[in-house]
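Novice: 90 is the number that UniProt numbering gives to position 90 of the sequence shown; each next residue is one higher, with no gaps.
From the three backbone atoms N, C-alpha and C, an ideal C-beta is built for every residue, glycine too.
In this text the structure is predicted, and so the values were computed from the model without any measurement.
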Amino acid sequence: MAELSSNQFELGGVVFGDFTPRQVTDFDPGDSTLRDGDTASPGEDGIQFGLDHVDGRLLTWELFADATDAPSARAAMVPLETAWDARAVRDSPRAVLPLRMRLPGHQTVRVYGRPRKMTPANLRSRPDGVADYVATFQTADAVFYGDVEHSVDLSLIAAGGGGITWPVTWPVTWAPGAQRQDAVVNTGELPAWPVITIRGPVAQPRVAFLESGAEVRLDVSLASDMSVVLDTRPWVRSVRRTDGASLAGAMRGDRLADMALPVGRTTVRFRGTDVSGQARCRIAWADAFSSP
């Protein structure tokens, strides 16, 4: 992954912006669209407010390839046009791409979404080696995410009892459960969406954020060679086992949409039944920001 300099952007490994053949003359981070649930008050003045939701942004760039001649300008833009085409993503429902950026005076952040148009804006300049383009990118949500992932790993204190030799034949009758807790710190400006990975062997695993009271548990037993990923990010929102099977039907408690990490310190508790002491839970997240 390329280290970005000030006023540079990257999609699919292709960097554009300052100090590249693909120069950016203007960048618009766009506005998020509010979907309100307002309804007119029946038979009287005024409105009644419902649920409001915020959609993603449409990012827009004006850029050009500054080269000595038309073939050189074309060659400079082909890698970016190929990345913008994103055929594999377009053929996969719900799939997104990360687009990274670093604006002057800011750290590198990323958004998730899909490229939209990449349109030549002025073909008349091409004989002189300058090709102008307008490019847009639709984000899945309105948030900018830190480029660095943070994580905390939790294990379970082995419950007493012994008497089981691994590997075993499932299902297993387990001893009393154990728990472990630790703190995570979201240093961003907005709540962050964690990716929770639980590795077996463990039965009835559950994860709780004590300050917010949000908790999820899985009504399953995971063998020592199995793990499950609870991905709370808005463009994913899935519960999947190592083999790709969905365990959404085994999830109890709060919704994944309720499992955001608030700004600041959060105490995370991992509970489950594991006599081996080998079960693990990783909480991974990127800080979230309202602007790039």
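Cα separation between Val-58 and Val-275?
Specialist: Counting from one through the sequence shown, the residue named residue 58 turns up at place 58. Counting from one through the sequence shown, the residue named residue 275 turns up at place 275. Here residue 58 turns out to be Leu, not Val, going by the sequence shown. For Leu-58 and Val-275, the distance between alpha carbons rounds to 50 angstroms.
Novice: Please state whether the Cβ-Cβ distance between Arg-240 and Trp-193 is less than 7 angstroms.
Specialist: What you label residue 240 is simply residue 240 of the sequence shown in a count that begins at 1. What you label residue 193 is simply residue 193 of the sequence shown in a count that begins at 1. Result no, Cβ atoms of Arg-240 and Trp-193 do not sit closer than 7 angstroms.
Novice: With which residues is Val-134 paired in a DSSP beta bridge?
Specialist: Sequence index remark: in the sequence shown, residue 134 carries index 134 (1-based). Answer by DSSP bridge pairing, in chain order: Glu-62 and Thr-119.
Novice: So for Leu-247, helix, strand or coil by DSSP?
Specialist: Mapped onto the sequence shown, residue 247 falls at position 247. The answer is coil: DSSP assigns Leu-247 none of H, G, I, E or B.
Novice: Going by DSSP, which residues form a beta bridge with Thr-57?
Specialist: Here residue 57 is taken as the residue at index 57 of the sequence shown, counted from 1. Residue identity differs from the one stated: residue 57 is Arg in this sequence, not Thr. Per DSSP, none; premise fails for Arg-57.
Novice: Less than 8 angstroms between the CB atoms is what I'm expecting for Val-152 and Asp-182, so what's the real figure, rounded?
Specialist: As a first step, residue 152 must be located in the sequence shown, where it is residue number 152. As a first step, residue 182 must be located in the sequence shown, where it is residue number 182. At roughly 5 angstroms, the Cβ-Cβ gap stays under 8 angstroms, so Val-152 and Asp-182 are in contact.
Novice: Cutting at 7 angstroms between CB atoms, please list the residues of its own chain near Ser-41, excluding the five before and the five after it.
Specialist: Within the sequence shown, numbered from 1, the residue matching residue 41 stands at position 41. Same-chain partners within the cutoff: Ile-47 and Gln-48.
Novice: Kindly indicate which three-state DSSP category Leu-218 falls into: helix, strand or coil?
Specialist: What you label residue 218 is simply residue 218 of the sequence shown in a count that begins at 1. Correct three-state label for Leu-218: strand.
Novice: Does Ala-2 pass the burial test, meaning 16 or more other C-beta atoms within 10 Å, or should it be called exposed?
Specialist: Residue 2 sits at position 2 when you count from the first residue of the sequence shown. It is exposed - the Cβ of Ala-2 has fewer than 16 other Cβ atoms within 10 Å.
Novice: Cβ atoms of Trp-285 and His-106: under 7 angstroms apart, would you say?
Specialist: In the sequence shown, counting from the first residue as 1, residue 106 sits at position 106. In the sequence shown, counting from the first residue as 1, residue 285 sits at position 285. No.
Novice: Going by other Cβ atoms of all chains shown within 10 Å of its Cβ, with 16 needed for buried, is Ser-290 buried or exposed?
Specialist: Stepping through the sequence shown from its first residue, residue 290 is reached at position 290. Under this definition Ser-290 is an exposed residue.
Novice: Between Pro-191 and Ile-198, is the Cβ-Cβ spacing less than 7 angstroms?
Specialist: If you number the sequence shown from 1, residue 191 lands on position 191. If you number the sequence shown from 1, residue 198 lands on position 198. No. Outside cutoff.
Novice: Throw me the rounded Cβ distance for the Asn-186 and Thr-266 pair, which I believe falls under 8 angstroms.
Specialist: As a first step, residue 186 must be located in the sequence shown, where it is residue number 186. As a first step, residue 266 must be located in the sequence shown, where it is residue number 266. The Cβ separation is near 7 angstroms, so the contact holds.
Novice: With a threshold of 6 angstroms, establish whether the CB of Leu-230 neighbours any heavy atom of the ligand COA.
Specialist: Here there are no bound small molecules, and the ligand COA is not part of this structure.
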